[in-house]
Every structure is written in structure tokens, then in C-alpha cells.
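Quick notes on the structure that follows.
Numbering (the UniProt record's numbering), first residue to last: 1 to 194.
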């Protein structure tokens, strides 16, 4: 029951309470046709007579009206006022509860929206960091691969130099050995070692 309906109930008294014990002399005019006599005599004009009828008073027989004389009208009205106050209190309580629940629901939904937006921001930031890390990783991998290629080239050069030097020393040793064989002398460098 809304507040407006309660105000309407407050303004309008029950119809039963309007019945007074005093009878008002309200009379209503009702047209009545004249009595027809045994002999019918034609007349040139139709006459209609009016009679007075008393209007019946309406009495309300609800369960709330006192059937016995023990409950007075004041008690009934006090009970009605109490029920009206209880209804107003209940309506107010329901209204406040509903407002509180709606406010809490609205706050919860705004908190959920805030949480979702913050999570989305963090996920986007994390994705950006991962992309940056992937780019940085790719750069480092490229740098390391380039360094490995450079190291491999240097190693190949050193191997080639070492092999060339080894071959040169072998050729030199063969020449010295051939010269020593031809002359019959011992190589001078070997003597220095012993």
C-alpha cells in the first residue's frame, strides 16, 4: 500500500460511519398512473399523479462495525488509526529497505565496473610489457647471434692462421731436415734445447 493510498484512506471515512441514527425526512417524487375504475371512460387528456415515497436509509453491515454495543465508535476509530499508522510504518520501512538495497546494489555494480576497468588496464599494460620484452629479447637474441657469427669468423681465422703457421713450420722443418741430411750436420736449434 503506497503513501498516496494511505492518505486517501485517511481522508475518506468508511461509508458505514456516515449512517446516522436520526432519520432524515428525505422524500422523492415518483410519478404514479391513476387507478383504473371498472368502467372505462375515455378522456381527452392523460393525467398522471405524483406520490411521495420515502427513501430507504443504507446501513452497512461489515465485519469491522460493532455488532454488539460493547465496542464503541471511538474504540473502532482508534483501532483504525492504529492500523493506518502501522501500515504507514510498514510502507516507510519497505521503502527505506528498498532504497538501501538499491543503493548497495548500485555501489556493488560500480565497484565491479571499477575492478573490471582496472583489471583491463593492468592486462593491457602486462601485454605491452610482454611485447616490449619480446622485442627486447629478439634484439638480444639477434645481438647474441651476431656476436656468435663474429666469434665463429674469428675462430675460423685463428684456425686458418694456426693451420697455416703449422704448415709453415712443418715445411720449414722439412727444409731444415733435408738440408741437414744433405750436409750431414745436425740442426743447430735442437742442440740449444738439450
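The C-beta atom is built at its ideal place from N, Cα and C for all residues, glycine as well.
From a predicted model like this one, the values you see are computed outputs, not experimental measurements.
Where the alpha helix (DSSP H) through residue i begins and ends
i: residue 109; result: 73 to 183
Close-in-space but distant-in-sequence residues of the same chain around residue i (CB under 8 Å, 5 per side omitted)
i: residue 177; result: 187
i: residue 104; result: none
i: residue 95; result: none
7 Å CB neighbourhood of residue i in its chain, flanking five on each side removed
i: residue 154; result: none
i: residue 152; result: none
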